[in-house]
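The numbering of the sequence shown is my numbering, which starts it at 31 and goes up by one.
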Amino acid sequence: MSTTQAADQLGVTDRAVRLACQLGRLAARQVGGRWQVSRAVLDEYQRGKGGT
């Protein structure tokens, strides 16, 4: 999913998700210069952060 979709799910800004990806706090890959986050990784990230 895109960083915008991930941000919506997490309740944060797109910029915050991109920064987390760049810093390695959120496992993601770049496709065509854009970060992509898998739903499974995002769900795991949410569980680790207490759902926030």
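In this text, a Cβ means the ideal position worked out from N, Cα and C, and glycines have one as well.
Start and end residues, alpha helix (DSSP H) containing V61: Taken as a continuous stretch (DSSP letters only), V61 belongs to no alpha helix (DSSP H), being part of the beta strand (DSSP E) at R59 to V61.
Please say whether L56 and A36 have beta carbons closer to each other than 9 Å? Going by C-beta atoms, A36 is nearer than 9 Å to L56.
Reference M31; option with closest CA among L72, V42, L49 and A46: L72
Identify, in the order they occur along the chain, each residue of the same chain with its Cβ nearer than 7 Å to the Cβ of Y75, setting aside the five sequence neighbours on each side. L56
Taking a contact to mean a Cβ-Cβ separation below 9 Å, would you say T127 touches A58 in this structure? Only positions 31 to 82 of the chain appear in this structure, which leaves residue 127 out of reach.
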